[in-house]
Ligand SMILES: Nc1ncnc2c1ncn2[C@@H]1O[C@H](COP(=O)(O)OP(=O)(O)OP(=O)(O)O)[C@@H](O)[C@H]1O
Ligand SMILES: [Mg+2]
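In full-length UniProt numbering, the protein residues as written are 1 to 228.
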């Protein structure tokens with residue numbers, strides 16, 4: 001069963017938010033999801049203790065670099081999807097998680113500084129793939145993008161990724177209050193639907209499109225792997 005890791009050496013780019021958004025959409029579509037929280041601050045473990053966590057989503061904290069491979073293997077055998085949220089650093093845990101992944105998602109906020117850090121993450125994925133002699137698919141995910149106006153900075157960076165043939169998911173995650181509210185109120189985007197958060201409709205549409213883009217990417221990666 002597929003393993004998806006969220007990686008960036010830069011903190012605060014939206015890894016944990018993107019992980020939980022995807023978990024919410026996958027569980028809403030009927031899949032079981034194992035969240036492995038490999039950030040020493042354990043933000044998803046904290047989230048899991050709030051009310052509203054769907055039964056289909058289980059959360060496991062993992063602070064030990066020697067345990068991460070076991071946890072991922074257990075998740076992959078027990079849940080339909082395993083999502084690994086990592087800390088914003090380059091550690092052994094991050095490398096082990098990348099090595100176990102079918103897809104690595106690299107969130108990037110759309111500034112030049114973020115793009116440089118995304119490039120570092122891509123390098124790490126490529127080195128890990130070489131080291132393990134496997135294909136590891138990856139894609140950049142533009143995250144926390146203001147919904148009203150795409151900045152020239154972000155457009156420039158998207159072009160640079162395109163020129164360098166770096167895969168970018170075709171859907172970006174916009175900056176939405178609802179995506180912050182999940183961590184305050186508990187539950188997923190689906191369960192906070194009626195709690196008076198602004199512009200839920202746009203937030204739900206964006207989350208749905210994002211999850212569909214991830215699934216499409218995963219399918220493509222599997223087809224390439226099977227053909228190899
Ligand atoms: N799409 C979004 N819309 C609104 N707020 C967001 C969005 N993505 C992230 N945030 C907010 O930005 C902050 C950082 O996000 P998040 O914790 O997801 O990043 P991270 O990459 O996991 O950070 P770290 O490296 O510290 O683990 C949080 O306060 C979060 O609520
Ligand atoms: Mg995080």
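By construction, the Cβ of each residue, glycine as well, lies at the ideal position given by its N, Cα and C atoms.
These figures come from a predicted structure and were not determined experimentally.
- In chain order, which alpha helix (DSSP H) runs of at least 4 residues are fully inside the region 68-116? 68-78 and 92-99
- Message: Classify residue 123: buried if its beta carbon has 16 or more other beta carbons within 10 angstroms, exposed otherwise.
- Response: Looking up residue 123 in the chain shown gives position 123. The residue is exposed, with fewer than 16 neighbouring Cβ atoms inside 10 Å.
- Taking only heavy atoms of ligand 1 into account, decide whether any of them is closer than 7 angstroms to the Cβ of residue 270. Absent from the model: residue 270. The displayed extent of the chain is 1 to 228, so no value can be given.
- Query: CA-CA distance, residue 284 and residue 214?
  - Reply: The chain is shown only over 1 to 228; residue 284 falls outside these bounds and no answer can be derived.
- Query: At a cut-off of 7 angstroms, is residue 176 close to ligand 1 when judged by its beta-carbon and the heavy atoms of the ligand?
  - Reply: Taking the chain shown and counting its residues from 1, one reaches residue 176 at position 176. Residue 176 Cβ: within cutoff of ligand 1.
- Query: Is the distance from the Cβ of residue 57 to the Cβ of residue 33 below 8 angstroms?
  - Reply: The count along the chain shown starts at 1 and reaches residue 57 at position 57. The count along the chain shown starts at 1 and reaches residue 33 at position 33. Yes.
- In terms of DSSP beta bridges, what is residue 61 paired with? As a first step, residue 61 is located in the chain shown; it is residue number 61 there, counting from the start. 37.
- Does the Cβ of residue 66 have 16 or more other Cβ atoms within 10 Å, making it buried, or fewer, making it exposed? For the purposes of this step, residue 66 is taken as the residue at position 66 of the chain shown. So residue 66 counts as exposed.
- Per DSSP, what kind of secondary structure is residue 171 in: helix, strand or coil? Here residue 171 refers to the residue found at position 171 when the chain shown is read from its first residue. It is coil, neither helix nor strand.
- Query: beta strand (DSSP E) containing residue 27: first to last residue?
  - Reply: In the chain shown, the residue the question calls residue 27 occupies position 27. Run containing residue 27: none in the beta strand (DSSP E); it sits in the alpha helix (DSSP H), 15-28.
- Presumed contact (8 angstroms Cβ cut-off) between residue 38 and residue 85, rounded CB distance: Your numbering for residue 38 matches position 38 in the chain shown. Your numbering for residue 85 matches position 85 in the chain shown. Right, their Cβ atoms sit about 6 angstroms apart.
- Is the number of C-beta pairs between the region 133-153 and the region 7-21 that are closer than 8 angstroms three or more? yes
- Message: I need the DSSP call for residue 262, collapsed to helix, strand or coil.
- Response: Summary: the structure shown does not reach residue 262, with the chain confined to residues 1 through 228, and so no result is reported for it.
- Item | Candidates 49, 178 and 209: closest to residue 198 by CA position | Position 198 of the chain shown, counting from 1, holds the residue named residue 198. Ranking 49, 178 and 209 by Cα distance to residue 198 puts 178 first.
- Query: Can you round the beta-carbon distance between residue 26 and residue 211 to whole angstroms, since I take them to be within the 8 angstroms contact cut?
  - Reply: To locate residue 26, count along the chain shown from 1; it is residue 26. To locate residue 211, count along the chain shown from 1; it is residue 211. Correct: roughly 6 angstroms between the Cβ atoms.
- What distance in whole Å lies between the Cβ atoms of residue 4 and residue 81, which are believed to be in contact at a cut-off of 8 angstroms? As a working mapping, residue 81 is identified with position 81 in the chain shown. As a working mapping, residue 4 is identified with position 4 in the chain shown. Indeed they touch by this definition, with Cβ atoms about 7 angstroms apart.
- Under 7 angstroms from any heavy atom of ligand 1, does the C-beta of residue 144 make it? For the purposes of this step, residue 144 is taken as residue 144 along the chain shown, with counting starting at 1. Look at residue 144: its beta carbon is less than 7 angstroms from one of the heavy atoms in ligand 1.
- Item | Every unbroken alpha helix (DSSP H) within the region 123-161, with a cutoff of 4 residues, ordered by chain | none
- Message: Quick check on residue 192: does DSSP put it in helix, strand or coil?
- Response: In the chain shown, residue 192 corresponds to position 192, counting from 1. In this structure, residue 192 counts as coil in the three-state DSSP scheme.
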